[in-house]
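Below: the structure, in structure tokens.
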Amino acid sequence: MNRDIKILGAFLLGGLIGAAVALLYAPQSGRETRRDISKTAKKVKKGAIDLVEDIVESVSDFTVDVKDKAEDIIDRGKELSESAKKEILSALEQGQKVIEKQRKKISEALGL
Numbered sequence: 043m044n045r046d047i048k049i050l051g052a053f054l055l056g057g058l059i060g061a062a063v064a065l066l067y068a069p070q071s072g073r074e075t076r077r078d079i080s081k082t083a084k085k086v087k088k089g090a091i092d093l094v095e096d097i098v099e100s101v102s103d104f105t106v107d108v109k110d111k112a113e114d115i116i117d118r119g120k121e122l123s124e125s126a127k128k129e130i131l132s133a134l135e136q137g138q139k140v141i142e143k144q145r146k147k148i149s150e151a152l153g154l
């Protein structure tokens, strides 16, 4: 994204420099030169506005993408938490069953 912005900025700057040089060396009257400068300024202004709009749109899209990815990560974390809770509860239940079996074996061995 930054690379594209730099390329577009360099393109606009090159266009401005080229237009300025062309205006300075062109054999025109002052009125025609002022008209050309005005046209060029309007084109540059439109290009700058378009560039800013593109940057704002890109940043907005990037923000939406980051938000969506963050929500996905949070959802995955919740799913993992639920999964981990289930596994822990299952392990505890199995542990209780093993302890109960061992207690019965010990009670039977001792004749209680």
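Read in order, the letters of the sequence shown correspond to residues 43 to 154 in the working numbering.
For each residue, glycine too, the CB sits at the ideal point set by N, CA and C.
* To do: Taking only the alpha-carbon atoms, compute the straight-line gap between LYS120 and SER132 and give it to the nearest angstrom.
  => 18 Å
* SER125 - DSSP class collapsed to helix/strand/coil -> In this structure, DSSP gives SER125 a helical state, which the three-state scheme calls helix.
* So, helix, strand or coil for SER80, using DSSP? -> Three-state DSSP puts SER80 in a helix.
* Determine, using beta carbons only, whether GLY89 and LEU122 come nearer to each other than 8 Å. => no
* Classify GLN138 as helix, strand or coil using the three-state DSSP reduction. => If DSSP states are grouped into helix, strand and coil, GLN138 belongs with the helices.
* Asked: In three-state DSSP terms, what is SER71?
  -> Secondary structure at SER71: coil, using DSSP grouped into helix, strand and coil.
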